[in-house]
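In what follows, a structure is listed as structure tokens, so that the remarks can point back to it.
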Amino acid sequence: NAGVMQNPRHLVRRRGQEARLRCSPMKGHSHVYWYRQLPEEGLKFMVYLQKENIIDESGMPKERFSAEFPKEGPSILRIQQVVRGDSAAYFCASSPRAGLYEQYFGPGTRLTVT
Amino acid sequence: GESVGLHLPTLSVQEGDNSIINCAYSNSASDYFIWYKQESGKGPQFIIDIRSNMDKRQGQRVTVLLNKTVKHLSLQIAATQPGDSAVYFCAENGRAAGNKLTFGGGTRVLVKP
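As you go down the protein sequences, you meet chains A and B in turn.
The first sequence: position 86 = 86 (this note's numbering), numbered continuously.
One gets this note's numbering by counting positions in the second sequence from 1 and adding 1000 to each.
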């Protein structure tokens, strides 16, 4: 039973380029969450999605960031016109149902903006 | 705003000893708590969880204690092993918060042989 998959594991982008991060949840999980982690800090919530719906995007920056979880395929976190401050580890988690249940994390994508 | 924080940023422990990692939370509406372990370069790994209607829960070599009166959470690791060296995070969730987890800043555990 494969866990949460994320790709790429490492991504280098120049300022102004676009970054696309992908997440495939665990089999049977339809709830996906994205978190961002700066070095030596805890994870910060960004967005919560179910299939084809954004449920909570209260942690997403208002500009340049977007997320989707289509009916088919992985969830995508998209960052347009990246800046150096976007450099961080981005983690995806999934859970089997809504409510207060454990979230299982993927290995993360480490984004470096040069 | 509401937050979850940790008392000790780094904990050094002798192999074979017990470890105790502490966490204070400030949101009295929190219903659910999780401890995660994160090794360098990896994602957080679920260790154990506890709901607010409990004050203790045990797993394999780990015990989580919840004191709602003082809003304090702890993780006890018995017979600490070198493989336990990692950063440990507590995270909380509550019905008012929806499904998003609020993480503390992390405690680094270093196991000395």
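Every residue gets a Cβ at the ideal spot worked out from N, C-alpha and C, and that includes glycine.
Please read these numbers as outputs of a predicted model, since none were measured by experiment.
Residue i: contacting residues in chain A (beta-carbon distance under 7 Å)
i	result
Gly1083(B)	Those within 7 Å of Gly1083(B) in chain A number zero; the least Cβ separation is about 18 Å.
Asn1093(B)	Leu100
Under 8 Å from the C-beta of residue i: neighbouring residues of chain B
i	result
Gly106(A)	Gly1043
Tyr48(A)	Gly1098, Asn1099 and Lys1100
Assumed close pair residue i, residue j - CB separation to whole angstroms, cut-off 8 Å
i	j	result
Glu18(A)	Arg84(A)	Not a contact, Cβ separation roughly 15 Å.
Tyr1032(B)	Glu1092(B)	7 Å
Thr109(A)	Arg36(A)	Going by Cβ atoms, the distance from Thr109(A) to Arg36(A) rounds to 10 Å, so no, they are not a contact pair.
Asp56(A)	Gly1098(B)	5 Å
Lys51(A)	Phe69(A)	6 Å
Contact list for residue i against chain A, beta-carbon separation under 9 Å
i	result
Asp1055(B)	Those within 9 Å of Asp1055(B) in chain A number zero; the least Cβ separation is about 17 Å.
Gly1105(B)	Glu40, Glu41 and Gly42
Neighbouring residues, chain A, relative to residue i (Cβ below 8 Å)
i	result
Asp1049(B)	Glu102
Residue-level contact to chain D via CB, residue i, 8 Å cutoff
i	result
Cys23(A)	Among the protein chains in the structure shown, which are A and B, there is no chain D.
request  = Taking only runs that begin and end inside the region 1021-1052 of chain B, name each unbroken beta strand (DSSP E) of 3 or more residues, in chain order.
outcome  = Complete beta strand (DSSP E) runs here, min 3: 1032-1038 and 1045-1051.
request  = Report the residues of the region 21-41 of chain A with a CB closer than 9 Å to any CB of chain B, ordered along the chain.
outcome  = Under the 9 Å Cβ criterion, the region 21-41 of chain A contributes His31, Tyr33, Tyr35, Gln37, Glu40 and Glu41.
key: Residues, ordered as in the chain, of the region 1025-1038 of chain B that lie near chain A by beta-carbon distance below 7 Å   = For the region 1025-1038 of chain B, the set of positions with a beta-carbon nearer than 7 Å to some beta-carbon of chain A reads Asp1031, Tyr1032 and Ile1034 in chain order.
inquiry  = Quick test of the definition: if touching needs 3 or more C-beta pairs under 8 Å, does the region 1018-1025 of chain B touch the region 1063-1074 of chain B?
reply    = Short answer: they touch.
ask   = In the region 84-107 of chain A, which residues sit with their C-beta less than 9 Å from some C-beta in chain B, listed in chain order?
value = Cβ contacts with chain B: Ala89, Phe91, Cys92, Ala93, Ser95, Ala98, Gly99, Leu100, Tyr101, Glu102, Gln103, Tyr104, Phe105, Gly106 and Pro107.
request  = Could you tell me whether the region 91-105 of chain A touches the region 14-30 of chain A, using the rule of 3 or more Cβ pairs below 8 Å?
outcome  = Segments in contact, yes.
task = Entirely within the region 27-84 of chain A and at least 4 residues each: give me those alpha helix (DSSP H) ranges in chain order.
result = The DSSP assignment places no complete alpha helix (DSSP H) segment of no fewer than 4 residues inside the region 27-84 of chain A.
task = Please confirm if the region 1036-1046 of chain B is in contact with the region 1079-1090 of chain B, defined as three or more CB-CB distances below 8 Å between the two stretches.
result = Yes, the region 1036-1046 of chain B is in contact with the region 1079-1090 of chain B.
task = Scan the region 50-80 of chain A for residues whose Cβ lies nearer than 8 Å to a Cβ of chain B and list them as they occur along the chain.
result = Result list: Ile55, Asp56, Ser58 and Gly59.
Ranges of the beta strand (DSSP E) found wholly within the region 1068-1100 of chain B, counting only runs of at least 3 = At a cut-off of 3 residues, the continuous stretches assigned as beta strand (DSSP E) that sit fully inside the region 1068-1100 of chain B are 1072-1077 and 1086-1093.
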